[in-house]
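See structure below.
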Amino acid sequence: MENWIKYIIKGFSFKGLEIFELENHTFYSLTELKMKKNEIHVVSEMLFGTIQEVAPHIKKTDMLSIAINSSQILKKWSLPDSKLDIEQKVIQAFPNLDLHKFYFEILAVENLGMVSIGKREYVNNLLSELETHNIVPMRISLGISDIGTTIPYFQASNIQGSNFRIKKLDDSGYEFEPDSPSQHYNIEINGLDMSSTSLLSFSAFLGYFISSEKKSNVTTLNKELENNFLNYHFYNLGFKWGLGIVLGILFLNFLCYTHYKAQVTSAESVSSSEQQISTLRKLEDEVALKEEKLNMILGTKSSRSTFYMDRIANELPVTIQLDQMEYQPLKRPVQEHKSIELKLNSIIVSGYSNDKTQFAQWTDALEQKDWIARIEILHYGYVSKTSDEFTVKIEIHEAEQ
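Counting in my numbering, the sequence shown runs without a single skipped number right up to 402 at its last residue.
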């Protein structure tokens, strides 16, 4: 579980860069490795002669380990001694050394012991130079210190590296010696084939995978490099994912809003037109029916009342919809054995208004008509945020009848 969390945080791919020298020439070996189904696979192996050639193949988001194995890194054989601490082992190998001016690492595998040292100034300047080419490692190692994780997996008697060779002795011990091979060899580690120049990069990845700890004063520097990498990695990954999610949400919202707006606009247009036509038809039917009844009851006066209703309907603002117009309504409901009484010279108009100002202007305009005696607002009430209902009583001059 811990390794899976590590992969999620840092990634499944790994790049190792070894800087080594052969016959006074500096070489850069770049190896890309990937973890698949809990197995390490070599993706690519490349060898370059300059930093400028390496730079295009490395991104700042790559999990990169650098093995500094140049002539500026001094290596010295020493027998493992558990009684000595780290600094004592370094002093034993390099007497009178000012430890504050050097980085050092110690390799100790069975009876193979090696102390690697490099000036802090050299290492820091090298890292600064690499950074100018956007090559920023997550960790570094000195000399062949990383090889301790792979030695137990070798079955061959000779282990060939980029510029070194490790021999397996008869007493199950190991011996280190510098080497300047005229060509690079293919080597096998536990069934995995790779170039001899990829050995240290593979060892670094294997050490990372099993969380191997080394005796070194480079730990503080590596911790700083790892924190910088994680901060950049999280920022870059979080920014991309965050931006992608935000843009995706905005795009989906835009599509939904566009579709919804189109549907609503279409529905409102059709509904409004149909509603207006339906309302007008209902009003026409009701007016025609009432006109017929009024003609039967009032004779010639009915034609006049229809005229007034038509005038009211024709001068109606678009923000007002009529629901009912009743000429000379009943004073009270029809009751058995009682006479029918009408409210003479009056029209009751009810409906809905979307604009209070236009409603007020409409009633004021009606009150100015010669045939209207007065207007009384019987009711005006809230229905919704966009609509109010009303009932208006219009009294007509008797002379107009």
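Think of the CB as a built atom: it goes at the ideal place given N, C-alpha and C, for glycine as much as any other residue.
**Asked** Just reading off the beta strand (DSSP E) that Tyr328 is part of, what are its end residues?
**Response** Ile321 to Tyr328
**Asked** Residue ranges of each alpha helix (DSSP H) run of no fewer than 4 residues wholly in the segment 115-163, ordered along the chain?
**Response** 121-133
**Message:** With H, G and I counted as helix, E and B as strand and the rest as coil, what does DSSP make of Asn228?
**Reply:** helix
**Message:** Looking at the secondary structure, which residues open and close the alpha helix (DSSP H) in which Ile52 lies?
**Reply:** Ile52 to Val55
**Request:** Could you give the DSSP three-state label for Thr387: helix, strand or coil?
**Result:** coil
**Prompt:** Going by the beta-carbon positions, is the gap between Asn223 and Gly144 smaller than 8 Å?
**Reply:** no
**Message:** By DSSP's criteria, Glu106 is part of a beta bridge. Which residues make up the other side?
**Reply:** Ser117 and Ser217
**Prompt:** How long is the line joining the alpha carbons of Val393 and Ile349, rounded to whole angstroms?
**Reply:** 6 Å
**Message:** Just verifying my parser: in three-state terms, what is the DSSP assignment at Thr301?
**Reply:** Caution applies to Thr301, whose pLDDT of 48 falls short of 50 and renders its modelled position unreliable; the model cannot decide the point.
**Prompt:** Cβ of Leu18 within 8 Å of Cβ of Ile67?
**Reply:** Contact: yes.
**Prompt:** Where Arg312 and Tyr383 are concerned, what is the direct C-alpha to C-alpha distance, given to the nearest angstrom?
**Reply:** 27 Å
**Inter-residue spacing [alpha-carbon to alpha-carbon] between Thr301 and Tyr309** = With a pLDDT of only 48 at Thr301, under the threshold of 50, the placement of this residue in the model should not be trusted; the figure read from the coordinates follows. Thr301 and Tyr309 have their C-alpha atoms roughly 14 Å apart.
**Request:** Look at the Cβ atom of Tyr154, then the Cβ atom of Val124, and state whether they are nearer than 8 Å.
**Result:** no
**Request:** In the DSSP assignment, find the unbroken alpha helix (DSSP H) run with Thr358 in it and report its ends.
**Result:** Lys357 to Glu368
**Item:** Span of the alpha helix (DSSP H) around Lys186
**Value:** Residue 186 is actually Tyr in this sequence, not Lys. It is not in any alpha helix (DSSP H) - Tyr186 carries neither H nor E in the DSSP assignment.
**Asked** Does the segment 49-66 come close enough to the segment 125-145 to have 3 or more Cβ pairs within less than 8 Å?
**Response** Yes: at least three Cβ pairs fall under 8 Å.
**Request:** Return the first residue and the last residue of the alpha helix (DSSP H) that Lys90 is part of.
**Result:** Ile87 to Ala94
**Request:** Within its chain, find whatever has a CB closer than 6 Å to the CB of Leu108; leave out the 5 residues flanking it on each side and keep chain order.
**Result:** Met115, Ser146 and Gly149
**Asked** If you follow the alpha helix (DSSP H) that Gly208 is part of, which residue opens it and which one closes it?
**Response** Element bounds for Gly208: Leu200 to Phe210.
**Message:** In the DSSP output, which residue or residues are listed as bridge partners for Phe49?
**Reply:** Tyr29
**Request:** Pull up the CB-CB distance for Ser197 and Glu24, whole angstroms please, since I reckon it's below 8 Å.
**Result:** About 16 Å separates the CB atoms of Ser197 and Glu24; that is not less than 8 Å, and the two are not in contact.
**Asked** In three-state terms, what does DSSP make of Glu293?
**Response** Helix at Glu293.
**Item:** Extent of the continuous beta strand (DSSP E) to which Leu23 belongs
**Value:** Ser14 to Leu23
**Cβ pair Asp324, Gly352 closer than 8 Å** = yes
**Asked** Which residues bound the beta strand (DSSP E) around Glu176?
**Response** Tyr175 to Pro179
**Prompt:** When you compare only the Cα positions, how much space is there between Tyr381 and Lys357?
**Reply:** 10 Å
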